[in-house]
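First up is the structure itself, then whatever we jot down about it.
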Amino acid sequence: MRIRAAVLEDFGQPLAVREVELAEPKAGEVLVRLVACGVCHTDLYTASGADPSGYAPTVLGHEGAGVVEHVGDGVTSVAPGDHVVTLFSPQCRECVHCLSPRTNLCLAIREQQNKGFLPDGTTRLMLDGEPMRHFMGTSTFAEYTVMPEIALAKVSRDAPLETACLFACGLSTGLGAATNTARVEAGSTAVVFGAGMVGLGAVIGCRLQGAERIVCVDLSAERLELARHHGATETIVGGLDAVQAVLDLTGGFGADYTFEATGSVAVMRQAVESARMGWGLCTVAGVAGKGEVLEVVPRYLITGRRIAGSSFGGVKGRDQVPEFVELYLAGEIDADPFVVNQGFELMEAQNGIRSVLSFG
């Protein structure tokens, strides 16, 4: 079928809306009509050419939500008409990682996905008669996409898809960092560095876990105000003295839990140094550039602080994303203010929280 898609033809260039050929889904695959898609900094990073593992041409996008149109042989978990959220982090429910509660890093299709292919090692996309690789197994900057069944989370039809797409990446990453990775305890103190989508998700997650004090650190007064709306009890304007500000707020000890959600290794170090002596846990949810190094003074670790990484918040997507959407529908997560219907330019300007593309 012929579809329209926003194609990254070359790094550093604006995306071009092109007609692309999309093949029918094979066994275990699903054709999804996309209704909305978030624009993530990972898309920007790849489009810029800064990612050494990036490739072009491709169709970017991984924060999609839409409606199932057609399913391939053997697909049982979704059917035509179902509303789904796309998952760059799949869940086969069978590999050793999926069967373990300790990680969400499914192994089933990881190797082919990283190469830009679907599980059988081929692509469903053609541009000007030539095969074109997928992006993160999703390629959601398009009217339609074909994806593996194991990379789709079936969600309630009551949730607007323009909001549901936010749970495909950033919002779930922050929520899961607090609820899955850190497992924040009720009555504790938490500090979140960064008030973008991931950071605000972590603020919400800490609130849902019952943290008594939630401090948010960011450079933007607008974002800090939004953090308060979502549960932050205190805010700090970021900068070189952020660690001292956290220590001043916590009697000199630091916070029980800290979260880094900016992708800056300098801020990651601040998050480590803001964690409490004895038992503080720093959860790193931001994604640094490839090759960047986090330098940590060993003394901070010897005195009891710990560091944990959190990919997609430890969320097992097919199971937990629908649960997060239900929390949104119950009013526990106010995701609607995050939706801004503008694209890459807004993200590059560091304004707003998440840009959402709607497909008419």
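Just so we're aligned, residue 8 is where the sequence shown starts under this note's numbering, counting upward by one. Ideal Cβ placement from N, Cα and C applies to all residues, glycine included. Source: prediction; values computed, not measured.
Inset, instruction - Report the rounded CA-to-CA distance for Met284 versus Ala218, giving the unit in angstroms. - result: Those two C-alpha atoms are separated by around 18 Å.
Inset, instruction - Put Glu352 into one of helix, strand or coil per three-state DSSP. - result: Unreliable positioning characterises Glu352 in this predicted model, as indicated by a pLDDT of 42, which lies under 50. A coordinate reading is not provided.
Inset, instruction - Compare the beta carbon distance of Val162 and Glu36 with 8 Å and say whether it is the shorter of the two. - result: no
Legend entry - Span separating the alpha-carbon of Phe142 from that of Val66: 6 Å
Inset, instruction - State whether the region 166 to 181 contacts the region 208 to 218, with contact taken as three or more CB pairs (one from each stretch) at a distance under 8 Å. - result: yes
Legend entry - Collapsed DSSP secondary structure at Asp225 in the structure displayed: When secondary structure is reduced to three states using DSSP, Asp225 falls in the strand class.
Legend entry - Leu38 Cβ short of 7 Å to the ligand HEM heavy atom set: As far as ligands go, the structure on display features none, and thus does not contain the ligand HEM.
Inset, instruction - Ignore the nearest five residues each way along the sequence and tell me which others in Val294's own chain have a CB closer than 6 Å to its CB. - result: Cβ neighbours of Val294 beyond the five flanking positions: Gly270.
Legend entry - Span of the alpha helix (DSSP H), counted from its first residue to its last, around Phe331: 324 to 336
Inset, instruction - Pick out whichever of Asp326, Thr130, Glu302 has its Cα sitting closest to the Cα of Lys33. - result: Thr130
Inset, instruction - Please specify which runs of the beta strand (DSSP E), each continuous and at least 3 residues long, are wholly inside the region 229 to 299, giving them in chain order. - result: 241 to 244, 264 to 267, 288 to 291
Legend entry - DSSP-derived helix/strand/coil call for Val82: Val82: coil per DSSP, three-state reduction.
Inset, instruction - Output yes or no for whether 8 Å exceeds the beta carbon distance between Gly19 and Gly183. - result: no
Inset, instruction - Sort Phe174, Glu229, Val224, Val85 by Cα distance to Ile243 and report the nearest one. - result: The shortest Cα separation from Ile243 among Phe174, Glu229, Val224, Val85 belongs to Val224.
Inset, instruction - Would you decide whether Arg325 is buried or exposed? Buried here means 16 or more other CB atoms lie within 10 Å of its CB. - result: buried
Inset, instruction - Please classify Tyr62: does DSSP put it in a helix, a strand, or coil? - result: coil
Legend entry - Spatial neighbours of Ile360 in its chain, beta-carbon cut-off 6 Å, leaving aside the 5 residues before and after: Because the pLDDT at Ile360 is just 48, under 50, the model does not fix this residue reliably, and the value given afterwards should be weighed accordingly. Listed in chain order, the non-local C-beta contacts of Ile360 below 6 Å within the same chain comprise Met204, Phe345, local neighbours out to five positions each way being set aside.
Legend entry - Alpha carbon of Gly73 to alpha carbon of Ala282, nearest angstrom: 40 Å
Inset, instruction - Find out if the Cβ-Cβ distance for the pair Val12, Cys172 is shorter than 8 Å. - result: It should be pointed out that residue 12 corresponds to Ala in this sequence rather than to Val. The answer is no: Cβ separation not under 8 Å.
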